[in-house]
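First residue of the sequence shown? That's 1 in full-length UniProt numbering, and the numbers climb one at a time after it.
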Amino acid sequence: DEWDIPFEALSDLEHLASGTQGVVYKARMRSEIVAVKKVNDKDEIEIPALRQLNHPNIVRFKGACNEAPNYCLVMEYCPNGTLYDFLRSENKLSPQLTFDWAVEIAAGMHYLHQNNIMHRDLKSPNILLDANNVVKITDFGTCRTFTNQSILMTVIGTYAWMAPEVICKGKSGKKVDVWSYGVVLWELLTRETPYRDKNYGAILYGVGSNQLQLHLPPTLPAGLLDLMEKCRDKTARKRPSFSEILRHLSDCSAELVDQEPENYANLQLEWKKEIRS
């Protein structure tokens with residue numbers, strides 16, 4: 001089976017990141033540079049849905065090592081790191097690239113939902129940038145194929161991106177990903193960290209009880225402001241689907257892409273200041 005990759009086929013392993021779900025390495029496989037996610041449990045590599053996924057905004061899976069103790073998922077390597085780190089760097093972010101990324105993330109998520117996969121942990125640290133700065137959604141450690149009923153879930157994911165129904169009831173349907181997308185869109189526009197001055201407990205309680213919300217500066221582009229409001233509707237079924245989000249983005253693209261880059265950079269500084277005040 002070409003999906004099965006012997007661990008010896010991987011060489012030059014170099015540590016990239018560690019998380020609760022495993023350790024990620026950069027490695028060489030034959031003539032190619034790949035990313036290798038080493039996990040603790042065989043169940044975590046047996047996700048049949050991953051084999052079929054093929055979309056420009058979803059990290060491409062190349063196979064798995066299923067020999068104990070080296071359980072690994074092998075996937076494409078994205079050299080430009082995470083969206084989270086990019087947004088906190090000094091790198092310039094033009095209005096056009098901001099818009100492109102908003103669309104690419106929504107397109108990747110629309111594809112997952114069409115394939116009956118919920119991500120359940122969508123956040124900027126789980127969005128990678130390839131060599132051409134194209135967005136690739138990753139970390140399906142928590143994704144599950146969904147049936148019609150909502151799945152009860154443990155509190156996984158990171159609180160700042162989590163929908164209130166996940167925090168309160170451990171419940172998840174497709175629309176938890178839409179809530180998280182709204183938070184990522186807020187990050188893209190403001191280049192700020194969600195709830196940066198709050199601790200876990202305050203975020204859990206505040207978001208879970210609908211008493212804490214991300215501040216939306218009124219001078220944000222009106223169509224995107226409206227979209228973020230829709231994504232964070234506390235009634236999950238009222239949130240838009242990703243196909244509706246893509247339509248909404250297409251309708252309001254001009255208000256972002258027609259901005260002068262310098263003017264836009266100044267606006268971002270103002271938004272940041274307003275959020276922090």
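Note that beta-carbon positions come from the ideal geometry of N, C-alpha and C, so glycine has one too.
Go to residue i, then tell me how far its alpha helix (DSSP H) extends in each direction, as first and last residue.
{"i": "Ile-203", "result": "200 to 208"}
{"i": "Gly-63", "result": "Segment 61 to 67 is the beta strand (DSSP E) holding Gly-63; no alpha helix (DSSP H) there."}
{"i": "Glu-165", "result": "164 to 169"}
{"i": "Tyr-111", "result": "95 to 114"}
{"i": "Asn-230", "result": "Note that residue 230 corresponds to Lys in the displayed sequence, not to Asn. Here the alpha helix (DSSP H) through Lys-230 covers 222 to 231."}
Thinking C-beta only, is residue j closer than 8 Å to residue i?
{"i": "His-55", "j": "Phe-242", "result": "no"}
{"i": "Leu-128", "j": "Cys-78", "result": "yes"}
{"i": "Ile-275", "j": "Glu-192", "result": "yes"}
{"i": "Val-178", "j": "Cys-252", "result": "no"}
{"i": "Lys-136", "j": "Arg-239", "result": "no"}
{"i": "Val-36", "j": "Leu-10", "result": "yes"}
{"i": "Ser-124", "j": "Leu-97", "result": "no"}
Can you list, in chain order, the residues of its chain with a C-beta nearer than 7 Å to that of residue i? Leave out the 5 residues immediately preceding and following it.
{"i": "Ser-150", "result": "The predicted position of Ser-150 is uncertain, since its pLDDT is 42 and thus under 50; a value taken from the coordinates is nonetheless stated next. Taken in chain order, the residues that qualify are Lys-171, Ser-172, Gly-173."}
{"i": "Asp-139", "result": "Asp-121, Asn-126"}
{"i": "Leu-249", "result": "Ala-102, Val-103, Ala-106"}
Check for me: the beta strand (DSSP E) holding residue i runs from which residue to which?
{"i": "Gly-22", "result": "22 to 29"}
{"i": "Asn-266", "result": "From DSSP, Asn-266 is part of no beta strand (DSSP E) but of the alpha helix (DSSP H) over 261 to 276."}
{"i": "Lys-174", "result": "Taken as a continuous stretch (DSSP letters only), Lys-174 belongs to no beta strand (DSSP E), as it is neither H nor E."}
Since I believe residue j is in contact with residue i (beta carbons under 8 Å), could you give me their beta-carbon distance rounded to a whole number of angstroms?
{"i": "Glu-104", "j": "Asn-57", "result": "5 Å"}
{"i": "Ala-27", "j": "Leu-13", "result": "5 Å"}
What residues in its chain sit with their C-beta under 8 Å from that of residue i, if we drop five residues either side in the sequence?
{"i": "Asp-43", "result": "none"}
{"i": "Phe-86", "result": "Asn-80, Leu-93, Leu-129"}
{"i": "Ile-167", "result": "Val-155, Tyr-159, Leu-204, Val-207, Gly-208"}
Within its chain, find whatever has a CB closer than 6 Å to the CB of residue i; leave out the 5 residues flanking it on each side and keep chain order.
{"i": "Asn-148", "result": "Any answer about Asn-148 is weak, because its pLDDT of 40 lies below 50 and its placement is not dependable; what the coordinates show is given next. None."}
Taking 8 Å as the threshold, find out whether the region 64 to 71 comes into contact with the region 113 to 122 through three or more Cβ pairs. no
Using 8 Å as the cut-off, can you tell me whether the region 215 to 226 makes contact with the region 166 to 180, which would need three or more C-beta pairs spanning the two stretches below that distance? no
On the three-pair Cβ rule with 8 Å, is the region 254 to 264 touching the region 190 to 205? no
Are the region 160 to 168 and the region 92 to 107 touching by the rule of at least three beta carbon pairs closer than 8 Å? no
Should the region 224 to 232 be called in touch with the region 182 to 192, which here means at least 3 C-beta pairs below 8 Å? yes
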